[in-house]
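Asker: Positions 0 to 404 (numbering that gives the first Met the number 0) are the ones given, in order, by the sequence shown. Glycine residues also receive a C-beta, built at the ideal position from the N, C-alpha and C atoms. Submitted below is the structure of interest, expressed as structure tokens.
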Amino acid sequence: MLVVTTLAWALPDGSKIHSTKLTSSAELSPAATLASAKAIDNYTITVRRELHRIPELLYDLQRTSAYVREKLDELGIAYQYPVAKEGIVATIGSGKEPCVGLRADMDALPIHEEVECPFRSRTDGKMHACGHDAHTAMLLGAARLLQERFAAGQLHGTVKLLFQPAEEGGAGGLAMRLAGVLEDAPRIGRLFALHVWPGLPSGVVASRAGTIMAAAGFYHAEFVGHARHAAEDCLTAAVTPPGAPGPCTFPPTVNAEAGGQPGQRAYQRADASLRIRYHRRAGLHRGGLPAGHTTVRRAAEALVGAESFVEVEPTMGGEDFAYLLAHRPGAMAFLGIGNRSLGTDVNLHNGRFQMDEGQLHLGAALHVELATHALAELTAGDAAGCAEGEAGPTCAEGTYLEAED
0 MLVVTTLAWA LPDGSKIHST KLTSSAELSP AATLASAKAI DNYTITVRRE
50 LHRIPELLYD LQRTSAYVRE KLDELGIAYQ YPVAKEGIVA TIGSGKEPCV
100 GLRADMDALP IHEEVECPFR SRTDGKMHAC GHDAHTAMLL GAARLLQERF
150 AAGQLHGTVK LLFQPAEEGG AGGLAMRLAG VLEDAPRIGR LFALHVWPGL
200 PSGVVASRAG TIMAAAGFYH AEFVGHARHA AEDCLTAAVT PPGAPGPCTF
250 PPTVNAEAGG QPGQRAYQRA DASLRIRYHR RAGLHRGGLP AGHTTVRRAA
300 EALVGAESFV EVEPTMGGED FAYLLAHRPG AMAFLGIGNR SLGTDVNLHN
350 GRFQMDEGQL HLGAALHVEL ATHALAELTA GDAAGCAEGE AGPTCAEGTY
400 LEAED
């Protein structure tokens, strides 16, 4: 079946670009999705570079959020704002269930950019060193493709685009959930996110069933005693060195070092801080584990082939997408950007981090395929979004798998 579709794109000056095209069911194939994403490569790259120039931190995302809303307006996509301060929830489709969510984080890091390029950060001491500019650009690229499909009558259901603030330590995922993004009608049934990954070769997509990233925690303790001469350490209450079983276990010099002060006296106050990373989420929190890895695998293999999809071991990196995945089936996928010849194999959170922009179209296409696969699975009541062997209705209703040790 052929469908004639006329699309109108609004430009910032108020003018519009009209295009008419014929579409067929063949154009919904993964190969066609990849080709469509490649065709708008210039758009996605431009968006990423514009965002890279204006890095902002945590919830202070006025320029970033305004830029994203401007792009959504140009595409004619409705959205809700503000959500969790500067967050945005855009909606494409029928406005009815089934509904799939796609999420991108928008905040940068307090890092000085060491790479010279025409679109480097304009704010010294702030940089998109974790690829969130790429995440946002890929989701906007996917938004353009999904809006085209909806206009052509080829999107059945609803896709919500979650543009999240404050992933880098601000619990923005939690703020978005508390703002109701998962419960607002139409209710999101599956949820996915991408993260660029320099540790994987460019063009590779990775995920795994089970925990893929670590939980992060912070411990702080204050020790209070009485200030006095160190020789009297065992006679009255002293500040116990952090981690020590008692005040007399270590000599006074250890007490002095623990307090961060010179020796020969026991001090009144000492502090200890500890950051922890762990994978045993279910064991510590008595929680379950969202599913969705199978959907990622199917969508990725359809785009890049089975040889370019890999199962990864858990990483000690953290991601607050978990605040959302704790309440919906879904998954995070890694998009490989590691290319030594381009210098894009530098670790995240590094002033020399760079993005392999040749992979942006793949990320946009993967978003589209994840939405397409998940909508079809939800419509059919398929168990594909659950782990292998799980019953579809059980998983879809939120009875998630137990975590692995």
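What did DSSP end up calling Gly179 once you bin it into helix, strand or coil?
Answerer: For the purposes of this step, residue 179 is taken as the residue at position 180 of the sequence shown. DSSP places Gly179 in coil when its eight states are reduced to three.
Asker: Keeping to the same chain, check which residues put their C-beta closer than 7 Å to that of Thr145; ignore five residues upstream and five downstream.
Answerer: On the sequence shown, position 146 is the one that residue 145 refers to. Position check: residue 145 holds Leu in this sequence, whereas Thr was assumed. The answer, listed in chain order, is Ile91, Leu154, Val158, Val367, Ala370.
Asker: Indicate the three-state DSSP secondary structure (helix, strand or coil) for Thr122 in the structure shown.
Answerer: For the purposes of this step, residue 122 is identified with residue 123 of the sequence shown, where counting begins at 1. Thr122 falls in the coil class under three-state DSSP.
Asker: Give me the Cα-Cα distance between Leu27 and Val195, rounded to the nearest whole angstrom.
Answerer: In the sequence shown, residue 27 corresponds to position 28, counting from 1. In the sequence shown, residue 195 corresponds to position 196, counting from 1. Roughly 25 Å separates the two Cα atoms.
Asker: Smallest Cα separation from Asn349: which of Ala107, Leu139, Leu193?
Answerer: In the sequence shown, residue 349 corresponds to position 350, counting from 1. Comparing Cα positions, the closest option is Ala107.
Asker: So, are the CB atoms of Gln61 and Glu96 less than 8 Å apart?
Answerer: Here residue 61 is taken as the residue at index 62 of the sequence shown, counted from 1. Here residue 96 is taken as the residue at index 97 of the sequence shown, counted from 1. Their beta carbons are not under 8 Å apart, which means Gln61 does not touch Glu96 by this criterion.
Asker: Under the DSSP definition of a beta bridge, which residues are partnered with His194?
Answerer: As a working note, residue 194 is residue 195 in the sequence shown. Looking at the DSSP assignment, His194 forms a beta bridge with Phe333.
Asker: Using the three-state DSSP reduction, which class does Gly152 fall into: helix, strand or coil?
Answerer: Locating residue 152 in the sequence shown gives position 153, counting from the first residue. Note: Gly152 maps to coil in three-state DSSP.
Asker: I believe Ala192 touches Met354 by the beta-carbon criterion, under 8 Å. Please report the beta-carbon distance rounded to the nearest angstrom.
Answerer: Numbered from its first residue, the sequence shown carries residue 192 at position 193. Numbered from its first residue, the sequence shown carries residue 354 at position 355. Wrong, their Cβ atoms sit about 17 Å apart, outside the cutoff.
Asker: Taking Thr343 as the reference, give the member of Ala133, Asp183, Arg121 with the closest Cα.
Answerer: Reading the sequence shown from its first residue, position 344 is the one you call residue 343. Checking every option, the nearest Cα to that of Thr343 belongs to Ala133.
Asker: Is it the case that the Cβ atoms of Arg189 and Leu324 are separated by a distance below 8 Å?
Answerer: Counted from its first residue, the sequence shown places residue 189 at position 190. Counted from its first residue, the sequence shown places residue 324 at position 325. No, the pair does not count as a contact, with Cβ atoms beyond the cut-off.
Asker: Exposed or buried, which one is Asp123 when buried takes at least 16 other CB atoms within 10 Å?
Answerer: Numbered from 1 along the sequence shown, position 124 holds the residue referred to as residue 123. Answer is exposed; the Cβ neighbour count stays below 16.
Asker: Could you tell me the distance, in whole angstroms, from the CA atom of Ile336 to the CA atom of Ala36?
Answerer: Numbered from its first residue, the sequence shown carries residue 336 at position 337. Numbered from its first residue, the sequence shown carries residue 36 at position 37. Going from the Cα of Ile336 to the Cα of Ala36 covers about 17 Å.
Asker: Specify the secondary structure class of Ala83 as computed by DSSP and reduced to three states.
Answerer: For the purposes of this step, residue 83 is identified with residue 84 of the sequence shown, where counting begins at 1. The answer is coil: DSSP assigns Ala83 none of H, G, I, E or B.
Asker: Can you name the start and end residues of the alpha helix (DSSP H) that Arg68 belongs to?
Answerer: Counted from its first residue, the sequence shown places residue 68 at position 69. Segment 61-74, the alpha helix (DSSP H) holding Arg68.
Asker: Taking the CB atoms as reference points, tell me whether Leu365 and Ala299 lie closer together than 8 Å.
Answerer: Numbered from its first residue, the sequence shown carries residue 365 at position 366. Numbered from its first residue, the sequence shown carries residue 299 at position 300. Result yes, Cβ atoms of Leu365 and Ala299 sit closer than 8 Å.
Asker: Please state whether DSSP places Arg207 in a helix, a strand or coil.
Answerer: Looking up residue 207 in the sequence shown gives position 208. Coil at Arg207, not helix or strand.
Asker: What's the gap between the Cα of His372 and the Cα of Val99?
Answerer: Counting from 1 along the sequence shown, the entry for residue 372 is found at position 373. Counting from 1 along the sequence shown, the entry for residue 99 is found at position 100. One C-alpha to the other measures close to 10 Å.
Asker: DSSP has Tyr78 in a bridge; who is on the other side?
Answerer: In the sequence shown, the residue the question calls residue 78 occupies position 79. Paired residue(s): Ala89.
Asker: How big is the Cα-Cα spacing for Cys116 and His360?
Answerer: In the sequence shown, residue 116 corresponds to position 117, counting from 1. In the sequence shown, residue 360 corresponds to position 361, counting from 1. The straight-line gap from Cα to Cα measures roughly 21 Å.
Asker: Judging by CA-CA distance, which residue of Glu49, Gln358, Arg351, Ala363 is the nearest neighbour of Glu113?
Answerer: Along the sequence shown, read from residue 1 onward, the residue named residue 113 stands at position 114. Out of Glu49, Gln358, Arg351, Ala363, Arg351 has the C-alpha closest to the C-alpha of Glu113.
Asker: Put Asp319 into one of helix, strand or coil per three-state DSSP.
Answerer: In the sequence shown, the residue the question calls residue 319 occupies position 320. It is coil, neither helix nor strand.
Asker: Cutting at 8 Å between CB atoms, please list the residues of its own chain near Leu56, excluding the five before and the five after it.
Answerer: On the sequence shown, residue 56 is found 57 positions in, with the first residue counted as 1. Asp106, Ala107, Leu108, Pro109, Lys125, Glu167.
Asker: DSSP three-state call for Gln358: helix, strand or coil?
Answerer: Against the sequence shown, residue 358 aligns to sequence position 359. Gln358: helix per DSSP, three-state reduction.
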